[in-house]
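These protein sequence lines are chains E and Y, in that order. Per numbering that gives the first Met the number 0, the very first residue in the first sequence carries number 0; after that it's consecutive. Per numbering that gives the first Met the number 0, the very first residue in the second sequence carries number 0; after that it's consecutive. Ideal Cβ positions, reconstructed from N, Cα and C, are used throughout, including at glycine. Here the structure is a predicted model, which means the values were calculated and not measured. Structure first, commentary second.
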Amino acid sequence: MPSRRSTPRPRVKVHPLGDSALLVELGLRLDTAVNTRAIALASALKKRRDVRHTLAGPASVTVRFDPDLITHDALASAIRRLAAKRPPVEEPGRLHRIPVVYDGPDVEDVCERLRITLEELIALHSRPIYRAFMVGFVPGWAYLGPLPDELVLPRRAAPRAQVPAGSVAIAGQQTGIYPLPSPGGWHLIGRSSVRLFLPDSDPPSLFRTGDRVKFFAAPG
Amino acid sequence: MTEVLRVLEPGLFTTIQDLGRPQAVASGVPRGGAMDRFAHSAANLLVFNDRSAPTLECTLVGPRLVAEAACVVAIAGADLDARLNDQAMPAWTSVAMAPGDVLAFGRRRAGARAYVAVGGGFAGDRWLGSASTYLMAGRGGMHGRALKAGDVLSCGESWRPPVAGRELAASRRPDYMERSLRVIDGPHFERLSPDSRAALVSSTFSLGTDSNRMGYRLDGPALDVSGDELLSFGLVEGALQVPSGGRPILLMADHQTAGGYPVVAVVASASMPAAAQLAPGDELRFLPTTIEHALGLRAVQRDALDSIS
Chain E
0 MPSRRSTPRP RVKVHPLGDS ALLVELGLRL DTAVNTRAIA LASALKKRRD
50 VRHTLAGPAS VTVRFDPDLI THDALASAIR RLAAKRPPVE EPGRLHRIPV
100 VYDGPDVEDV CERLRITLEE LIALHSRPIY RAFMVGFVPG WAYLGPLPDE
150 LVLPRRAAPR AQVPAGSVAI AGQQTGIYPL PSPGGWHLIG RSSVRLFLPD
200 SDPPSLFRTG DRVKFFAAPG
Chain Y
0 MTEVLRVLEP GLFTTIQDLG RPQAVASGVP RGGAMDRFAH SAANLLVFND
50 RSAPTLECTL VGPRLVAEAA CVVAIAGADL DARLNDQAMP AWTSVAMAPG
100 DVLAFGRRRA GARAYVAVGG GFAGDRWLGS ASTYLMAGRG GMHGRALKAG
150 DVLSCGESWR PPVAGRELAA SRRPDYMERS LRVIDGPHFE RLSPDSRAAL
200 VSSTFSLGTD SNRMGYRLDG PALDVSGDEL LSFGLVEGAL QVPSGGRPIL
250 LMADHQTAGG YPVVAVVASA SMPAAAQLAP GDELRFLPTT IEHALGLRAV
300 QRDALDSIS
């Protein structure tokens, strides 16, 4: 659940992203309150006639707009005004329960580096209800987090050229499931049979930004 | 729906593309669509189509197509030596084809991607609001794949019968030998070391062989970026990302929708058609510009398309 404590005044930075887009930074950390603001700002901006498309990130909004209708500066000012508003109270996202077989190729290495047992890793990874901070990167991928501090590791030094679909992975404060075979630099701790990319559904992704995800250990 | 052209030879990589599916980005699906939106739009307008109608994007080696029915076509973009019944065929011009006529391509002369439009627009599988081919998911266009020999292409009804001989004035056609892409400083420009800031705009880069519709990997001086790891954010076409290894990636039509590498520059939208016409091994340079200048160049291209009416 998003915290209802008073959130610090948002630190908003608006950068040009070429001649027809802006990147709005609302924060630097993985934080539910900041993500809620990003989602609210993205949907408020979408209603404007001069905005073509918005995409909320964990702590940012990417805004594609029509520079024939408004200047960068005028839109940036409008964004600062909108971002200063208190976001509406967020409905809790849909809850997904995802089975994981914790036998990924990096699981032993991860346990060793974190100095924990496999049982502890499973307990730590499957305990929280994670938030989908952003859907993106490849079709159906969601950045989930925050991970318990005990599981935080930097990315692998050498990314893999191909990670199998269904791999459950961790890196930094985040966890996720690879929906399709793709390159990847995260640590692979398990696998899941749940299909995340649903090409014949609309939207074609199981997860949506703001959804909640709980993992549970499944027998291999 | 009329069966209009049959594929005799598919060429190297010929796909059906339109202007893409921007709404799908929320699900992590790239916007996609024609790499060179100017040439795609011009080809459509020459045959009285809406600029969003599907065209064929022909990469480096074009296809051989035989007409099954009378039609009007237009080719724009790269000069891949288009020929109609073995005679040189004018580019950026609408041309009539009779049943049995053969449209073929020869050697690459300039650019990398030629667009073929047909009056009425090519029909393709629509997926998430667009007929653009997206190989990774195997959806859109010709069953989510590149054309192959034996495929039959259909076209829709023309709202206004196309005529032969309409052209885009030579002075309004892009110069695809231009290898200097205009760039605007990106949100993470400050993360570049001073030497790398200079190298970005004073060096010649070349397209790596591992470049494709997702992005161009650029060989040249390694760019040195510093700072903490970034949270992922939404990306746009034309963004120049620098991963930790320092080898920059220029994001193209099928780019990943989000990422966390620093974006040190963004190519001006008016330079994206020229970027789309680069092939592996081609050299390019980056020329810094202002937003105002970039918007001026964009207006010139818009006026060129508006002149086809």
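List the endpoints of the continuous beta strand (DSSP E) containing Ile121/E. Run containing Ile121/E: none in the beta strand (DSSP E); it sits in the alpha helix (DSSP H), Leu117 to Ser125.
Rounded to whole angstroms, what is the Cα-Cα separation between Gly149/Y and Thr13/Y? 13 Å
Straight-line gap, Thr54/Y to Gly10/Y (C-alpha atoms, nearest Å): 15 Å
Taking just the CA atoms, how far does Gly56/E sit from Arg207/E? 12 Å
Examine the Cβ distances between the region 79–99 of chain Y and the region 13–30 of chain Y and report whether three or more of them are shorter than 8 Å. no
Select from the region 44–67 of chain E all residues with a C-beta closer than 9 Å to any C-beta belonging to chain Y, and list them in chain order. Arg51, His52, Thr53, Leu54, Ala55, Gly56, Pro57, Ala58, Ser59, Val60, Thr61, Val62, Arg63, Pro66 and Asp67
Residue environment, Pro193/Y, which counts as buried when at least 16 other CB atoms sit within 10 Å: exposed
So with CB distances below 9 Å, who are the chain Y contacts of Tyr177/E? Per Cβ cutoff of 9 Å: no residues; Tyr177/E is ~12 Å from chain Y at best.
Spatial neighbours of Gln173/E in its chain, beta-carbon cut-off 6 Å, leaving aside the 5 residues before and after: Tyr142 and Gly144
Would you say Trp185/E lies against chain Y (beta-carbon separation less than 8 Å)? no
Excluding sequence positions up to five away, which residues of its chain have a Cβ less than 8 Å from the Cβ of Gly233/Y? Val24, Thr256 and Ala257
Roughly how many angstroms lie between the CA atoms of Arg297/Y and Asp65/E, to the nearest whole one? 12 Å
Below 8 Å on the Cβ atoms is my guess for Ser201/Y versus Asp218/Y; work out the distance and round it to an integer in Å. That belief does not hold up - the Cβ atoms of Ser201/Y and Asp218/Y are roughly 16 Å apart, past 8 Å.
Taking only beta carbons into account, state which residues of the region 230–242 of chain Y come closer than 8 Å to chain E, listed in chain order. Leu230, Ser231, Phe232, Gly233, Leu234, Val235, Gly237 and Ala238
Grab the span of the alpha helix (DSSP H) containing Ala23/Y for me, first residue to last. Careful: Ala23/Y lies outside any alpha helix (DSSP H) and carries neither H nor E.
Just how far apart, CA to CA, sit Ala221/Y and Thr1/Y? 52 Å
Run through DSSP, which three-state label would Asp305/Y get? helix
Check the Cβ-Cβ distances between Thr256/Y and every residue of chain E, and say whether any is below 8 Å. yes
Spell out the partners DSSP gives Ser153/Y in its beta bridges. Glu2/Y
Chain Y contacts from the region 130–142 of chain E (Cβ-Cβ distance under 9 Å): Phe132, Met133, Val134, Gly135, Phe136, Val137, Pro138, Gly139, Trp140, Ala141 and Tyr142
Would you kindly report the start and end of the unbroken alpha helix (DSSP H) that includes Ile38/E? Thr31 to Lys45
Is the CB of Ala273/Y under 8 Å away from at least one CB in chain E? no
Just verifying my parser: in three-state terms, what is the DSSP assignment at Ser202/Y? coil
Chain E partners of Ala267/Y, CB-CB under 9 Å? Gly17 and Asp18
For Arg138/Y, does the count of other Cβ atoms within 10 angstroms reach 16, so buried, or fall short, so exposed? buried
When you compare only the Cα positions, how much space is there between Arg196/Y and Leu152/Y? 48 Å
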